[in-house]
Amino acid sequence: MKNSLLFFVFLLMAHSVKAQKKPNIIVIMTDDHALQSISAYNPSLIHTPNIDRIAIEGAIFTNSFCTNSICAPSRAVILTGKHSNVNGQIHNGITFDSSQVTFPKLLQAAGYQTALVGKWHLKSTPTGFNYWITMPDQGHYYNPDFIHMDGSIERVEGYATNLITDYALRYMEHRDTSKPFCMLLYHKAPHRNWMPDTSNFNDFRGRKFKAPATLFDSYENRTAAAQQEMSIEKDMYLVYDLKLYDTSGIIQDGKWSWTNFIHDYDRLNPAQKAAWDKEYAPVIEDYKQKLPTGKALVAWKYQRYMEDYLRCIKSVDQNIGRVLKYLDDHHLTENTIVIYTSDQGMYLGEHGWFDKRFMYEESLHMPLVMRYPGHIKPGTVEKHLVQNLDYAPTLLQYAGVSAPVEMQGESFAPLLAGQQIPWRDAIYYHYYEYPAFHSVKRHYGIRTNRYKLIHFYNDIDSWELYDLIKDPHEMKNVYNATSYKAIREELIIKLETLKTKYKDTIPDNFVRPF
Ligand code: SGN
Ligand code: CA
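Numbered according to mature numbering (1 follows the signal peptide of the UniProt record, and there is no 0), the sequence shown spans residues -19 to -1, 1 to 495.
See the structure below:
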């Protein structure tokens, strides 16, 4: 009797040791962070030591892509492990069906404490989280409103990136330590209109950034690219986007720009406003003195865009440092998976653009670095074609939870363990948000290691094919080139196979976005 009691106690202990071994999971995601502005990917624009640390101590993914380059759809894909056509969140205008199975719900059922902190953007009330605190819609940079679990809205003094991190640290500090936790730490930054923290004003001031080779793209042979409304030249505002808030009457920028700028500016408290005005007064003077036009104006706007965008990234990186330090200080580093990613990529002047949406490289590419000591070898460079579709099954596998067969992504945990497993040779993409803001036509397509095939449809019918080795900037559409006929035919078959595999049978006129 005594022996069997002892054995029972031993089993219980063994179980609890095993249960505690389940890794904690922190998914840090920003909004619109282009991987060109992470030094682990590209050291020429900014130094991001904390994001880099995750890569150095874990893995950096060089071929990580989204399935639909826009905010709410990407978030829904990550939660469900399903393409937009299956989870229903095909564009930003939809309310997420929160009755769906998501990976936080599955982790919760397996004994995890789950939390969501920061930008949500899916309209419906978050489900599957023991704790959440979000922001209404896009949220604000300064003195933002937060939505608490009881539905109350509180305006909190401070800067969004710092405050979201404060909430995340507070959550970890007060969590139930008898259970593993999974926290989604979702920042607002560096989303448009790129308002930096006043404490980052000294960064990048007046620095000259080397413009991308395609800043003055003329979109020859690319009909859809020519028709967008996301160009630095025509669609980036001097007041709203570049903060040239000058009441002398010299800067004419249209009502929308002024109204929206003032809406944000008026949230600043007197000290923030004083710092803000001090920073931007010389910038306004510089503009008024030069009054650039044509190419000089585009070049000037590009420099301004980069200054503020990178300041927002700097703050993100500093705050990631606070999270990593918390893990170090509380001996959590070893047993915590840390992911850093962004909901999609972003144009930093490539093709003359800001914003995202297109299936071209800069917005298709998602930054992805991941650390899990003992499971991912430090310094791993992972080159397989992965997508945000794969995060849910991957994290579930690490947590020892089976992914439902309905999930369309694949766990890339075996790849990180160095196993040779069959893997996809192409990724599938579909963007739906048109007609809408920024006017990017609907399109779908595939990307392999070397080629990209895109079909723009709806009020347009045009095909594009790029050879990414010969033409990494995607300037030369070779769809009709006879030398690419065989490749084109092969890619069209592959595209049809993936459409069927992912059940993407949405007819052209399925639903109008807005
Ligand atoms: C806002 C921005 C757009 C941006 C969308 C979607 N305009 O509408 O520039 O494309 O969000 O971004 S703004 O004037 O409000 O800043 S997403 O990342 O949330 O999908
Ligand atoms: Ca986004």
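Ideal Cβ positions, reconstructed from N, Cα and C, are used throughout, including at glycine.
Would you grab the beta carbon distance between residue i and residue j for me? Rounded to a whole angstrom, and I think it's under 8 Å.
i, j, result
"A394", "I59", "Actually they are not in contact, since the Cβ atoms of A394 and I59 sit about 16 Å apart, beyond 8 Å."
"I27", "K295", "7 Å"
"T83", "T61", "6 Å"
Please report the distance separating the alpha-carbon of residue i from that of residue j.
i, j, result
"A256", "S238", "21 Å"
"S420", "Y412", "12 Å"
"L479", "G399", "26 Å"
"A262", "N430", "47 Å"
"R173", "F182", "17 Å"
"E470", "Y460", "10 Å"
"N44", "D310", "33 Å"
"K306", "M456", "43 Å"
"E391", "M153", "29 Å"
"T146", "K100", "12 Å"
"T486", "I71", "13 Å"
"Y483", "V297", "34 Å"
"P416", "Q299", "38 Å"
"L103", "L345", "21 Å"
"D216", "I134", "33 Å"
"E414", "R423", "7 Å"
"residue 497", "K269", "Any property of residue 497 remains undetermined from this structure, which presents the chain solely from -19 to 495."
"R203", "I435", "11 Å"
"P125", "D258", "20 Å"
"G327", "Y148", "The question names Gly, but residue 327 in the sequence shown is Met. If you take the alpha carbons of M327 and Y148, they lie about 27 Å apart."
"D157", "Q94", "7 Å"
"A(-6)", "K2", "Any reading at A(-6) must be qualified, since the residue scores a pLDDT of 40, below 50, and its modelled position is unreliable; the value itself is stated next. Each residue's alpha carbon lies about 11 Å from the other."
"M211", "D13", "14 Å"
What does a CB cutoff of less than 8 Å around residue i pick up in its chain, not counting 5 residues either side in sequence?
i, result
"Y432", "L446, Y447, D448, L449, I468, L472"
"Y283", "F190, A192, L196, I213, G330"
"Y465", "L446, D448, V459"
"S25", "K191"
"H121", "A141, K169, D245, R248"
"N362", "Note that residue 362 is Val in the sequence shown, not Asn. Closer than 8 Å at the Cβ level, and outside the excluded window around V362, lie A40, I41, T43."
"Y438", "K422, R423, H424, Y425, D489"
"Y286", "W175, I213, M217, D222, L223, L329, G330, F335"
Closer than 6 Å by C-beta to residue i: which residues in its own chain qualify, once you throw out the five before and the five after it? Chain order, please.
i, result
"M351", "G39, A40, I320"
"P193", "G330, E331"
"D227", "I265"
"M176", "Y122"
"L165", "V8, L97"
"I402", "P395"
"S105", "T76, F77, S79"
"W444", "H436, Y460"
Hey, quick one: how far does the alpha helix (DSSP H) through residue i stretch, first residue to last?
i, result
"M287", "275 to 310"
"S20", "Where S20 is concerned, there is no enclosing alpha helix (DSSP H), given that its DSSP letter is neither H nor E."
"E471", "466 to 482"
"I265", "251 to 271"
Please list, in chain order, all residues of the same chain as residue i whose beta carbon is under 7 Å from its beta carbon, the five residues on each side excluded.
i, result
"S55", "C47, N49, D324, Q325, N369"
"D382", "The question names Asp, yet the displayed sequence has Val at residue 382. Within the same chain, V382 has close Cβ partners L87, L88, A91."
"T11", "H168, A170, P171, V297, S323"
"C52", "D12, N73, H102, D324"
Cβ of residue i less than 7 Å from any chain B Cβ?
i, result
"Y438", "The structure shown has no chain B; it contains just one protein chain."
Could you spell out where the beta strand (DSSP E) holding residue i opens and where it closes?
i, result
"F162", "162 to 167"
"A96", "94 to 99"
Let me check you understand the geometry: is the CB of residue i closer than 6 Å to at least one non-hydrogen atom of ligand 4?
i, result
"C52", "Within the structure as shown, ligand 4 is missing, the only ligands being ligand 1 and ligand 2."
Every unbroken alpha helix (DSSP H) within the region 23 to 74, with a cutoff of 4 residues, ordered by chain: 30 to 38, 52 to 61, 65 to 68
Segments of 3+ residues assigned as beta strand (DSSP E) that fall wholly inside the region 106 to 145: 112 to 115, 126 to 128, 134 to 136
Unbroken stretches of the alpha helix (DSSP H), 4 residues or longer, contained in the region 372 to 439: 372 to 379, 394 to 397
Length at least 4, wholly inside the region 304 to 351: the alpha helix (DSSP H) runs in chain order: 342 to 345
Within the region 163 to 249, ranges of the alpha helix (DSSP H) (whole runs, at least 4 residues): 204 to 208, 213 to 216, 236 to 246
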